[in-house]
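Residue 1411 in our numbering is what sits at position 529 of the sequence shown, and the numbering runs on without skipping anything.
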Amino acid sequence: MTNPTLSALRWLALCLSFLVSIHAEERMDEMWGESTVKLRAADAEKGQLFDKGNYAMFIHWGLYSQLANKVDGKTYYGIGEWIMNPRMANIPPEQYKKLAGEFNPTRFDVKAIARLAKDAGMKYVIITSKHHDGFAMYDSAACDFNVVDATPWKMDPMKELAAACRELGLGFGFYYSHNQDWTFPGGGGGPKLDAEGKPASFDDYFLKKCLPQVEEITSQYGPIELVWFDTPGRMPKKYAEQLVAVVRKNQPKALVSGRVGHGLGDYQSLGDMEVPHRNIEGMWESVDTTNDSWAYAWYDECWKTPDEILRRLISCVARGGTYMLNIGPRGDGSVPERAARSLRESGAWIHRYPQVVYDTASSPWKHALPWGDVTVKGKRLFLSVFDWPASGKLYLPGLETRVVSAKLLDGKSASELTHERLHGWTVVELPARAPERLVSVIELALEAEPVVDTTFGLDPNGATTVLAEFAEVAGAKGSKKHWMEKFGEWKTAYHIHQWKPESSVTFEVEVLAAGDYMVDLNYAGEGRYVWSVGVVGGERIQNQQNSSAIYQDHPIGWLRFPQPGKHKVEVKCVDGNLDSASLRAIRFTPVF
Ligand code: JFZ
């Protein structure tokens, strides 16, 4: 005989779980714009915003923001949150700590910032809880060098910001500098002696401040999306393991950034300000900033346009990653209006084309195309056209799956486009005018999931650049190089160097038609170089051009491709200072 109460309870539980799943589906619908997300019961929430939202707001805000890179009337160029560091203004810790007494950001508006992230199309917000300077931007019992105890403002912005984000269906999380702490004795890069003049160890910092603060930020601000640990340096693994354990204990559904160190993160964090050129497997993110500094810098008006934001976001998602874009509020808490405008305008586009960015798969071409990039949902390809062809034709190389239909989207409706196959290329007829000022989208419906030959097709409409990282290198070396434009403003390039007379660098390309193409080489070096460029089995050209310390395009000449199809193009450096020669790309422009 069944127990009527028990069966009623079971029925109730079943109904509740069903309602929860509908709510979750609706919530996901609301978040992704369409219910393509199948929630995994086990971790329905863990990493969904990261892995399918693909776009987040980063915020660098602290005492450094009020300096805005100017100290005693002198401007220090570079990333503002490093202003106290010896490599910037070299402010002694005790002098820096006095800044807290002036911090009164009355214009910090949590609802406006959450609304900006929402309007931007971002799915969660990650804000600096404690950067390398050691100042906690939340009410910390572990250390009184914090925004409530040490400032006239006496407010904890994080509780309200977390609530404002949740109200708008946004995730929330923290950046935390776990190794570097320049004002706490024993912290990485911090004082070596404590207030009593006794030597301070890293253990002192870790046990008195770091570990308790990570406990605080993961237990006092509700559910968080992720903890963005940063710059582990040479922090021993045991410390990182303890921090990860705290996150797992308090926030089982939160992700831990790759920069926690020792491979303990849930995903890979790429170097700063870098969008990769080839697809990367697994969960990873690019972090970038709306100008060139993470924290507010008075002089930095070098804002990314809405178009640049969309191109970097779409290409990051097309490579398989998540794009986290930073704003640096001023010392008074206000958000630079130009940054906000770029975020809103690019966000308005995202709200019209959610299917291009959210819950999409990476491009089967595994690299960008000359005119734009591609994201995928099952049998649908979204061609994001950054540069609209004046010829009225869009050329898509290598797609081996049959195209059932082609449509031009305009955010509200779709218009059919004619398309044909030509020597293995898909050619789509386009109207003269692009429907969008920023990025226009063509949707291709395929008869099956896309199968693609990823060879670089040389666009008949115009220039195609093939980066050195896609070349076969013999007798030279290909590797990534990083440099700083201004301090902390990192740039990345893959280059081919250590040339020898017998070095051979080969690019495989495909042409739709036989004909002449103008060849340019993008390189840096010292003095003049003689380059030889040849189609294997065909014409070879040679020319001498000068060079400079920065990468520039140099014309080599017209090169003939004898017939349609695939060709190998070999580049040799025949003469010049081979030790300094650094090749970054080759560019082909059809000559008709
Ligand atoms: C770090 C911080 O030092 C910086 O202030 C900012 O917060 C940034 C987001 O993160 O800077 C880094 C860390 C790692 C790399 C580059 C800059 N990296 O791995 O190339």
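Ideal Cβ placement from N, Cα and C applies to all residues, glycine included.
None of the values given here were measured: they were computed from a predicted structure.
DSSP places Cys1198 within a helical segment (H, G or I) once states are collapsed to three. Cβ-Cβ distances below 7 Å link Pro1446 to His1305, Val1393, Leu1394, Ala1395 and Ala1396 in the same chain, with the five nearest sequence neighbours on each side left out; the list follows chain order. Here the C-alpha atom of Glu1329 lies approximately 35 Å from the C-alpha atom of Asp1398.
In terms of Cβ geometry, Ile973 and Leu1108 do not form a close pair [threshold 8 Å]. When DSSP states are grouped into helix, strand and coil, Glu1452 belongs to the strand group. The three-state reading of DSSP puts Val1309 in strand, counting E and B together. For Met1040, the uninterrupted alpha helix (DSSP H) run begins and ends at Pro1039 to Glu1049, by DSSP. Not one heavy atom of the ligand JFZ lies closer than 7 Å to the C-beta of Thr1065. Listed as beta-bridge partners of Gly1397 by DSSP are Phe1443. Selection Ser1151, Gly1164, Val1323 and Thr1336 evaluated against Trp1270 yields Val1323 as nearest (Cα-Cα). Of all C-beta pairs linking the segment 1087-1107 to the segment 1025-1045, three or more are shorter than 8 Å, placing the two stretches in contact. DSSP links Leu1326 through a beta bridge to Leu1263 and Ala1288. Under the three-state reduction of DSSP output, Gly1164 falls in the coil class, being neither helix nor strand. Rounded to whole angstroms, the separation of the alpha carbons of Asn1428 and Gly955 is 42 Å. Considering only Asn967, Lys1294 and Glu976, the residue with the shortest C-alpha distance to Arg1234 is Lys1294. Excluding the 5 residues flanking it on each side, Glu963 has same chain C-beta neighbours closer than 6 Å at His942, Tyr946, His1013, Trp1176 and Ala1177, in chain order.
When C-beta atoms of the segment 1328-1344 are compared with those of the segment 1276-1287, three or more pairs fall below 8 Å, so the two segments count as touching. Taking 7 Å as the cut-off, the C-beta of Ile961 counts as close to a heavy atom of the ligand JFZ. Residue environment for Thr1300: exposed (fewer than 16 other C-beta atoms within 10 angstroms of its C-beta). Between the alpha carbons of Tyr978 and Met966 lies a distance of about 7 Å. The ligand JFZ never approaches Val1138 closely enough for any of its heavy atoms to be under 7 Å from the residue's Cβ. For Phe1054 against Trp1110, the beta-carbon gap comes to about 12 Å, at or over 8 Å, which does not count as contact. The DSSP-derived three-state label of His1364 is strand.
Nearest in C-alpha terms to Glu976, of all of Ala1314, Asp1015, Gly1210 and Lys1454, is Asp1015. In this structure, Asp1086 sits near Gly1068, with a CB-CB distance shorter than 8 Å.
Residue burial annotation: Ile1432 is exposed, with fewer than 16 other C-beta atoms found within 10 angstroms of its C-beta. Here Asp1402 carries a strand assignment [DSSP, helix/strand/coil].
Cβ contact annotation for His1436 (same chain, cutoff 7 Å, sequence separation greater than five): Asp1402, Leu1403, Tyr1405 and Gln1427, in chain order. Partner residues in the beta bridge of Ser1414, as assigned by DSSP, are Gln1424 and Lys1454. Note on Ser1430: under 16 other CB atoms within 10 angstroms of its CB, so exposed under the neighbour-count rule.
The criterion of a C-beta distance shorter than 8 Å is not satisfied by Gly1203 and Glu1163.
In the DSSP assignment, Ile1378 falls within the beta strand (DSSP E) that extends over Trp1372 to His1379. Counting along the chain, no alpha helix (DSSP H) covers Ile1009; the unbroken beta strand (DSSP E) around it starts and ends at Tyr1006 to Lys1012. Using a Cβ distance threshold of 8 Å, Cys1198 and Ser1224 do not count as a contacting pair. By the beta-carbon neighbour count (other beta carbons within 10 angstroms, threshold 16), Pro1039 is buried. Per the coordinates, the alpha-carbon of Phe1369 lies some 18 Å from the alpha-carbon of Gln1062.
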